[in-house]
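This report refers to the structure that appears directly beneath it.
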Ligand SMILES: CC(C)(COP(=O)(O)OP(=O)(O)OC[C@H]1O[C@@H](n2cnc3c(N)ncnc32)[C@H](O)[C@@H]1OP(=O)(O)O)[C@@H](O)C(=O)NCCC(=O)NCCS
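Residue numbers (the numbering used here): 3 to 174.
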């Protein structure tokens with residue numbers, strides 16, 4: 003059985019990333035071009051998980067320009083056949099560690115109230131780090147009206163992270 007490996011994406015990964023997000027079941031499907039941009043301009047704060055030659059996980063994240071001490075995790079997805087094995091948790095731990103270079107003090111993500119797996123994923127991350135997690139409404143459902151049916155998105159904020167977990171950046 004092949005082990006799971008983690009690395010930053012390249013633009014060649016974008017088609018598999020688009021398919022993974024599209025097949026994830028409950029994520030907003032961004033354009034393929036958006037995934038190309040993530041794998042190009044934002045590759046240092048994104049990660050893929052692979053098993054053999056299969057791309058089975060992807061996390062996209064970025065530092066908000068006005069708050070670079072935050073790593074905002076945009077989307078995280080694991081192929082349905084690989085779920086429940088700690089791969090999302092592994093990607094989250096690594097992307098925070100590798101993206102940080104000592105400068106990320108908080109991790110943020112928006113989650114809908116019905117996404118129990120995602121809430122658990124980020125709550126477990128906070129527990130592993132030994133830091134607080136708090137949430138508040140960020141994008142109420144009304145902001146989606148006239149465009150699409152969408153649940154409210156709550157902002158989860160985790161931290162402050164211990165500086166020792168944020169000092170490595172040894173990934174290619
Ligand atoms: C959310 C998702 C990324 C989790 O991936 P995963 O690799 O199965 O997650 P992990 O195995 O690392 O589990 C992380 C934690 O969540 C828990 N968890 C996983 N799936 C769960 C579920 N369906 N319901 C409740 N908890 C769940 C695990 O028990 C684990 O908790 P623990 O660390 O306290 O034991 C995956 O279910 C997925 O791709 N979902 C569709 C896309 C999505 O909703 N993404 C999140 C919003 S951006």
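No residue lacks a Cβ here, since even glycine has one placed at the ideal position from N, Cα and C.
Whole-angstrom distance between residue j and residue i, CA atom to CA atom
i           : j           : result
residue 101 : residue 55  : 24 Å
residue 105 : residue 71  : 6 Å
residue 137 : residue 75  : 14 Å
residue 27  : residue 127 : 23 Å
residue 37  : residue 95  : 21 Å
residue 116 : residue 5   : 31 Å
residue 188 : residue 86  : This structure cannot speak to residue 188, because the chain is shown only from 3 to 174.
residue 90  : residue 148 : 33 Å
residue 150 : residue 130 : 36 Å
residue 146 : residue 24  : 20 Å
residue 125 : residue 53  : 26 Å
residue 30  : residue 164 : 32 Å
residue 67  : residue 88  : 30 Å
residue 1   : residue 152 : No information on residue 1 is available, as it lies outside the stretch 3 to 174 that the chain covers here.
residue 69  : residue 159 : 13 Å
Residue i - DSSP class collapsed to helix/strand/coil
i           : result
residue 108 : strand
residue 5   : coil
residue 90  : helix
residue 100 : helix
residue 157 : strand
residue 115 : coil
residue 12  : coil
Same chain only: Cβ atoms within 6 Å of residue i, ignoring 5 sequence neighbours per side
i           : result
residue 97  : 49, 61 and 63
residue 121 : 113
residue 34  : 20
residue 161 : 107, 108 and 133
residue 140 : 112, 155 and 157
residue 142 : 154
residue 84  : 58
Sequence-distant residues of the same chain with beta carbon closer than 8 Å to residue i, five excluded per side
i          : result
residue 13 : 38, 41 and 42
residue 44 : 62, 63 and 64
Cβ-based neighbour list, residue i, same chain, cut-off 7 Å, excluding 5 preceding and 5 following
i          : result
residue 46 : 10 and 101
residue 93 : 8, 49, 51, 59, 61 and 78
residue 22 : 57, 60, 79 and 81
residue 15 : 41, 50 and 57
Residue i - partner residues in DSSP beta bridges
i           : result
residue 141 : 155
residue 134 : 161
Worksheet item: What are the start and end residues of each continuous alpha helix (DSSP H) run of 4 or more residues lying completely inside the segment 14 to 95, in chain order?
Response: DSSP runs (the alpha helix (DSSP H)) wholly in the segment 14 to 95: 16 to 25 and 34 to 42.
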